[in-house]
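Number of protein chains: 8
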Amino acid sequence: LRAEADADADPETTPEMGIIMGSDSDLDVMSGAHDALDELGFAEQTDFRDAPDARFTYETYVVSAHRTPELMYAYGETAAERGLDVIIAGAGGKSADLPNMTASIAYPLPVVGVPVQEKSVDSVIGMPTGAPIVAVDAGKSFNAALSATQILARRHEELEERLVEYHEKLVSGVAEVSRDIHDMGVESFRDSR
Amino acid sequence: LRAEADADADPETTPEMGIIMGSDSDLDVMSGAHDALDELGFAEQTDFRDAPDARFTYETYVVSAHRTPELMYAYGETAAERGLDVIIAGAGGKSADLPNMTASIAYPLPVVGVPVQEKSVDSVIGMPTGAPIVAVDAGKSFNAALSATQILARRHEELEERLVEYHEKLVSGVAEVSRDIHDMGVESFRDSR
Amino acid sequence: LRAEADADADPETTPEMGIIMGSDSDLDVMSGAHDALDELGFAEQTDFRDAPDARFTYETYVVSAHRTPELMYAYGETAAERGLDVIIAGAGGKSADLPNMTASIAYPLPVVGVPVQEKSVDSVIGMPTGAPIVAVDAGKSFNAALSATQILARRHEELEERLVEYHEKLVSGVAEVSRDIHDMGVESFRDSR
Amino acid sequence: LRAEADADADPETTPEMGIIMGSDSDLDVMSGAHDALDELGFAEQTDFRDAPDARFTYETYVVSAHRTPELMYAYGETAAERGLDVIIAGAGGKSADLPNMTASIAYPLPVVGVPVQEKSVDSVIGMPTGAPIVAVDAGKSFNAALSATQILARRHEELEERLVEYHEKLVSGVAEVSRDIHDMGVESFRDSR
Amino acid sequence: LRAEADADADPETTPEMGIIMGSDSDLDVMSGAHDALDELGFAEQTDFRDAPDARFTYETYVVSAHRTPELMYAYGETAAERGLDVIIAGAGGKSADLPNMTASIAYPLPVVGVPVQEKSVDSVIGMPTGAPIVAVDAGKSFNAALSATQILARRHEELEERLVEYHEKLVSGVAEVSRDIHDMGVESFRDSR
Amino acid sequence: LRAEADADADPETTPEMGIIMGSDSDLDVMSGAHDALDELGFAEQTDFRDAPDARFTYETYVVSAHRTPELMYAYGETAAERGLDVIIAGAGGKSADLPNMTASIAYPLPVVGVPVQEKSVDSVIGMPTGAPIVAVDAGKSFNAALSATQILARRHEELEERLVEYHEKLVSGVAEVSRDIHDMGVESFRDSR
Amino acid sequence: LRAEADADADPETTPEMGIIMGSDSDLDVMSGAHDALDELGFAEQTDFRDAPDARFTYETYVVSAHRTPELMYAYGETAAERGLDVIIAGAGGKSADLPNMTASIAYPLPVVGVPVQEKSVDSVIGMPTGAPIVAVDAGKSFNAALSATQILARRHEELEERLVEYHEKLVSGVAEVSRDIHDMGVESFRDSR
Amino acid sequence: LRAEADADADPETTPEMGIIMGSDSDLDVMSGAHDALDELGFAEQTDFRDAPDARFTYETYVVSAHRTPELMYAYGETAAERGLDVIIAGAGGKSADLPNMTASIAYPLPVVGVPVQEKSVDSVIGMPTGAPIVAVDAGKSFNAALSATQILARRHEELEERLVEYHEKLVSGVAEVSRDIHDMGVESFRDSR
């Protein structure tokens with residue numbers, strides 16, 4: 055990572071977004087972020103030196119605050135130099151320290167914390183004054199990716215449009231269900247499922 | 055508000071950040087955001103048509119989700135057109151709906167939610183998939199302002215520098231206290247306070 | 055909905071009760087309300103312009119506070135004009151805003167809130183002073199329908215009678231089980247099941 | 055109470071609303087209901103046989119579920135016959151049984167439960183299927199009175215108007231504070247208080 | 055029940071212990087009490103007028119506080135006259151009022167409350183000063199029966215002996231397992247299971 | 055204590071009830087038990103060899119489960135032989151082990167546990183199957199004394215009468231307050247206080 | 055146990071570590087400690103008089119605080135004399151008294167408490183000032199064994215080395231997974247599992 | 055710190071115990087550890103190069119996980135080389151990461167975590183498998199110092215004796231209070247205070 059940080063790469067070839075999680079057992083929850091980014095047209099970059107064609111990309115790592123603190127430090131310290139603009143960090147357990155330690159180390163890069171379990175919320179969100187992190191609800195990695203994209207969209211209007219498009223699809227979906235349930239009546243609606 | 059939205063104002067003359075809260079009784083908690091923004095060189099804009107000299111400004115409103123739902127709707131709908139880039143929304147009570155309803159209405163503008171009381175955390179953070187909000191811990195309006203500035207700093211490098219400066223002051227403070235407590239010993243340190 | 059509101063329909067042909075829920079995934083919980091209303095002789099009205107024969111009717115919609123805030127506003131604002139007398143609103147998640155936002159918008163129409171999950175109770179019930187909602191316990195949509203009928207029964211004595219009839223059946227059921235368990239003894243009673 | 059129930063009084067001379075609480079130590083919390091009813095033009099009736107001039111009235115009793123169960127039974131059983139249309143029942147402690155026992159006994163009269171303490175919420179709201187109660191949030195006796203009035207307003211249009219008037223005053227208040235805080239700026243606003 | 059209460063039966067022919075529960079769905083949890091009483095040599099009395107041979111007996115009823123408040127009242131009021139010495143009352147839900155309402159009505163007869171679910175504990179135990187109940191932990195109907203027997207044993211030395219015998223069996227069981235796990239080692243012990 | 059246990063004293067000269075608490079800092083909470091016993095005519099016995107005149111007496115000790123486990127064992131083991139019929143044991147903290155360890159050691163003597171703080175409830179009540187304790191709510195030492203007296207009253211009819219007398223006074227008190235608040239109206243009632 | 059304590063055995067032949075649990079139903083959770091000790095080269099000693107060859111050994115017992123308080127007392131009192139250096143004690147339920155009672159009795163021997171269930175945490179950790187215990191998180195018996203070994207390692211450098219070796223394996227594992235997930239991309243990584 | 059670590063100091067001249075806390079606002083809670091160490095004859099070492107005469111010493115630092123992550127890293131990494139044998143680490147807030155991050159970095163040195171507030175318990179105790187920490191209850195820094203001394207006492211018999219002496223004083227204190235409260239009676243005892 056430190057080598058990549060020194061490489062002084064062209065920002066268009068580095069991932070905009072880093073997704074890290076405390077363990078590969080968090081992947082089922084965290085893959086919601088990948089789903090959202092696919093939906094929004096991001097590509098996953100698996101080789102730092104070889105960017106995919108897509109304009110916006112993300113990378114994925116497993117980093118454990120408690121089992122590999124050195125790796126966490128290295129990732130956080132080099133994040134800005136490696137060209138990242140925002141980090142999504144997820145962790146489980148009661149002492150879900152990856153998101154907030156990363157927010158402390160990578161500061162002033164914004165970090166969106168994802169509590170992987172309900173019991174991780176307090177630990178992710180509970181930062182002292184002066185040490186900022188923003189968090190989403192337990193398990194809501196999909197929303198974390200939307201929020202991270204909202205942050206990037208401050209600079210990239212193209213992403214704003216993709217967010218609006220996604221939302222319009224969502225609204226149509228709810229409206230259609232609403233009409234169906236009303237016009238068919240509850241019983242027929244349930245039978246139709 | 056709707057008139058201001060139609061005014062098509064020059065983005066340099068409109069506030070970048072909007073601070074809204076559910077009641078003026080939330081002001082004691084929410085003024086932490088004002089403290090942080092003062093610290094970072096933002097100015098408060100009290101007349102939409104007459105911008106202060108400072109490059110970065112914010113505005114403040116009281117908006118109640120449950121007592122003035124129309125006002126909340128108007129604020130959220132016009133936020134982007136009125137030139138805002140990020141909203142900090144705080145509310146208290148168990149049903150602290152201002153932050154998340156505003157996030158839904160002002161989408162895709164990013165909203166940083168501040169639960170004004172401990173019991174407001176669940177209501178602020180608990181959005182369904184597809185409707186993003188990011189939140190800070192209960193009462194941490196100071197950190198909300200830092201986070202909102204981190205978001206703006208994606209586009210304005212000047213703000214990144216201010217964030218770093220603020221942090222360096224913070225670190226020196228802790229380091230100094232640490233040296234004092236160690237070198238004086240606990241008893242003398244306490245006496246010196 | 056706004057067209058229906060303007061239609062100035064005869065109150066006897068419009069639904070007395072509106073049942074709304076945040077998502078069709080809430081239907082399993084909310085269908086308890088439909089069961090209770092069937093039990094009490096209500097009919098479901100699936101076409102606003104074509105009332106069923108039954109004197110008392112209800113309608114069903116899916117409305118999401120966070121994904122379709124405009125739809126929620128439209129429903130709440132037109133409810134009284136469309137002839138509704140009481141709304142049952144259910145939502146899940148920690149930020150179950152549909153019931154209380156609807157109560158704020160449809161005021162002074164009474165709204166009975168149904169927290170679809172245990173974690174939704176605080177958000178549904180926690181309204182500030184001046185913004186009323188009444189709520190039932192998590193998942194108790196059946197009771198919400200009884201309560202909504204108790205409200206209607208203030209004006210329609212016929213509904214009072216139906217409520218009493220329902221209750222008498224309930225009491226007989228408990229009394230019968232009690233006699234069985236006592237007279238058969240616990241072991242035989244269990245075997246008989 | 056039973057004598058009054060037998061008296062077959064003219065409904066216009068009996069209280070529409072009964073307010074009961076588990077102990078006179080609950081009065082500080084429950085007096086919010088009295089404030090709201092005063093605001094809405096209700097009068098307190100202190101002599102069942104001598105109604106005040108106001109069209110809408112309420113009465114107040116202390117009834118303890120656990121220390122005076124007989125009194126609670128008598129009150130609930132005679133409520134309808136004594137001319138009441140809706141009961142507001144408040145109780146504190148973890149086992150706040152007055153509201154829900156009264157709801158069970160006075161059925162099908164609607165009862166609005168007020169948990170006097172935060173820890174009373176579960177006990178007030180947690181009724182089994184078939185035994186309805188509606189509840190407001192802990193301590194929100196003011197809102198309970200608004201809700202009870204919403205119920206009465208199904209039959210008495212005059213009350214609907216009073217509810218709307220009250221709400222308009224409330225909205226103006228918030229709007230005024232919002233304008234002040236925005237136009238004066240946070241610092242001046244605080245100084246002006 | 056009232057007839058039985060008037061019957062003035064010989065205390066040796068009436069059940070010493072009454073077991074009541076809020077619903078037959080509570081039976082799976084409450085049958086622990088029956089198991090304990092079987093273990094201690096009690097017999098179930100299924101006909102009040104026809105006592106079994108065993109010296110100590112119990113009876114079982116389903117009584118719902120919220121669905122059959124009159125039945126609960128009748129049971130509590132007649133308990134002492136019907137010859138009961140102690141009542142075990144179990145109920146589920148958040149508003150588990152059967153145990154404490156029965157304790158209030160049957161006073162000064164001692165009542166051992168059994169919260170059928172974890173969420174019932176607060177409601178069962180939370181009585182105001184002056185209205186006594188004693189409770190066991192959620193679901194611990196077996197222990198409730200032991201405790202009720204401890205109460206009876208104040209007067210009947212024979213029961214004290216049975217309690218001691220039961221306990222000795224229990225201790226031997228633990229001691230045997232302890233020796234096995236130590237002497238076999240954990241792995242062999244687990245294989246032997 | 056062991057000497058007293060061997061003394062084989064006349065049961066009429068030994069205390070019926072033992073009150074123990076984990077620390078003298080629990081005394082403010084536990085003195086509710088002394089108040090109740092005074093009310094019911096019990097006397098405190100301060101010298102085991104010199105009984106007061108009153109027929110029913112109690113004694114008081116401070117015993118810490120965690121700081122003086124030997125003392126706790128000695129007290130529990132000798133309780134029955136020293137003539138006690140029931141023990142009231144109170145403890146604070148999250149690990150309030152005095153009541154349940156005493157219940158385990160003094161078995162089959164009944165023990166009424168008093169959680170001195172809210173956070174002590176779980177620890178006091180949470181016994182495994184086969185090890186009975188009964189508990190009252192946090193801080194309710196007054197009720198614990200009533201419950202312990204209900205247990206003794208199984209054998210001593212005189213105590214049953216005293217319990218009934220106490221209760222009648224309590225009921226009159228509530229009834230009087232209820233009449234006052236109704237007849238005076240809320241405002242005058244508050245002024246009269 | 056008392057005989058073994060008197061035996062004055064050579065410390066090299068006695069177990070360094072004692073593992074006790076409240077019930078054999080706790081074994082599934084507690085066997086994590088056995089796994090960790092196996093990993094670190096400890097052997098289980100199943101006969102106090104016949105030590106295995108391994109330099110470091112442990113023993114296992116089932117001891118119930120509430121069902122066999124005498125056994126718990128004997129174990130704690132003799133622990134130091136029997137040559138133990140540290141005890142790992144696990145218990146479940148809300149009143150998980152085995153760890154803290156053992157810590158009180160075996161003092162000044164260090165005891166590492168393992169709450170077997172989430173609800174046991176408070177009871178295990180909540181000791182009063184002056185009565186020390188240290189605890190791990192619910193179910194983390196594996197970590198308890200690591201911690202107990204850290205304690206022993208203060209005296210036995212060989213154990214320090216084994217702890218470091220274990221950790222290096224752990225770190226390599228995480229690093230490998232991290233590289234795989236990054237280089238393969240999330241989708242391929244999941245397919246490869 | 056790194057210079058001190060390289061200094062290769064004589065273990066008898068370096069502090070055995072390091073006390074660190076997240077902020078000087080934690081000092082009121084953490085000074086319990088200092089009180090306990092004073093009681094046990096430890097001295098505070100305020101100059102690493104100039105040891106006090108006492109055989110056993112400790113040092114104190116303020117280290118913030120979130121505001122000064124580099125300092126935390128440096129402290130943890132150098133702890134063993136600087137001659138420390140055990141670390142007591144306290145932190146407040148919901149995300150009390152100092153104790154567990156230090157435990158991860160300083161591994162295999164044992165760390166005793168002190169949650170400075172009740173809400174810090176989960177975050178301190180909740181480590182993943184493979185990353186050990188032991189914790190005491192919220193605010194119990196006094197006990198943390200006793201536990202840390204128990205750990206040191208595995209190697210230094212002298213400390214074991216001091217622990218026993220401290221405990222004997224504690225027991226005498228409780229016994230004296232117990233005798234007073236019993237022999238004086240509750241009322242006189244309270245008056246004597």
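Protein chains in written order, with the working numbering: chain H, 55 to 247; chain D, 55 to 247; chain E, 55 to 247; chain R, 55 to 247; chain L, 55 to 247; chain Y, 55 to 247; chain W, 55 to 247; chain X, 55 to 247. By construction, the Cβ of each residue, glycine as well, lies at the ideal position given by its N, Cα and C atoms.
Own chain, CB closer than 6 Å to residue i, minus 5 neighbours either side, in chain order
i         : result
ALA119(D) : MET126, ASP151, LEU152, MET155
MET84(X)  : MET75, GLY144, SER195
PRO65(X)  : GLY137
Status (buried if at least 16 other CB within 10 Å, exposed otherwise) for residue i
i         : result
VAL170(W) : buried
ALA108(D) : exposed
ALA57(D)  : exposed
SER246(X) : exposed
PRO162(L) : buried
SER79(W)  : exposed
VAL218(H) : exposed
SER226(D) : exposed
LYS223(H) : exposed
Per DSSP, cross-strand counterpart(s) of residue i
i         : result
ALA189(W) : GLY167(W), ALA189(X)
ILE141(X) : GLY72(X), VAL165(X)
Chain X residues whose Cβ lies nearer than 7 Å to that of residue i
i         : result
TYR161(W) : HIS221
Under 7 Å from the C-beta of residue i: neighbouring residues of chain R
i         : result
HIS210(D) : Those within 7 Å of HIS210(D) in chain R number zero; the least Cβ separation is about 23 Å.
Proximal chain E residues relative to residue i, where beta-carbon distance stays under 9 Å
i         : result
GLU131(L) : Chain E residues near GLU131(L): none, gap ~16 Å exceeds 9 Å.
Cβ neighbours of residue i in the same chain (closer than 7 Å, five flanking residues each side left out)
i         : result
VAL165(D) : ILE141, ALA143, PRO153, THR156, ALA157, ILE187
Under 8 Å from the C-beta of residue i: neighbouring residues of chain X
i         : result
ASP139(W) : ARG208
Chain-ordered neighbours of residue i on chain Y, where CB pairs are closer than 8 Å
i         : result
ARG121(W) : SER158, PRO182, GLY184, ALA185
Partner residues on chain D for residue i, Cβ-Cβ distance less than 9 Å
i         : result
SER232(E) : Under the 9 Å cutoff, chain D gives no residues; its nearest Cβ is about 39 Å from SER232(E).
Chain W residues whose Cβ lies nearer than 9 Å to that of residue i
i         : result
ILE235(L) : MET75, ASP78, LEU81, THR114, TYR115, VAL116
Listed by chain order, chain E residues near residue i by CB distance under 7 Å
i         : result
ASP151(D) : ASP151, ASN154, MET155
Neighbourhood of residue i by C-beta distance below 8 Å, restricted to the same chain and skipping five residues each side
i         : result
ALA185(X) : ASN154, ALA157, SER158, TYR161
Interface partners of residue i on chain Y, CB under 7 Å
i        : result
GLU98(R) : GLY239, VAL240
Cross-chain neighbours of residue i in chain R, by beta carbon under 8 Å
i         : result
GLY147(L) : GLY180, MET181, PRO182
With a floor of 4 residues, list each alpha helix (DSSP H) that falls wholly inside the segment 94–133 of chain W, ordered by position along the chain. Taken in chain order, the complete alpha helix (DSSP H) segments of 4 residues or longer contained in the segment 94–133 of chain W are 123–132.
Those runs of the alpha helix (DSSP H) which lie wholly inside the segment 188–220 of chain H and span at least 4 residues: 195–206
Within the segment 65–98 of chain H, note down every full alpha helix (DSSP H) run reaching 4 residues or more, in order along the chain. 81–93
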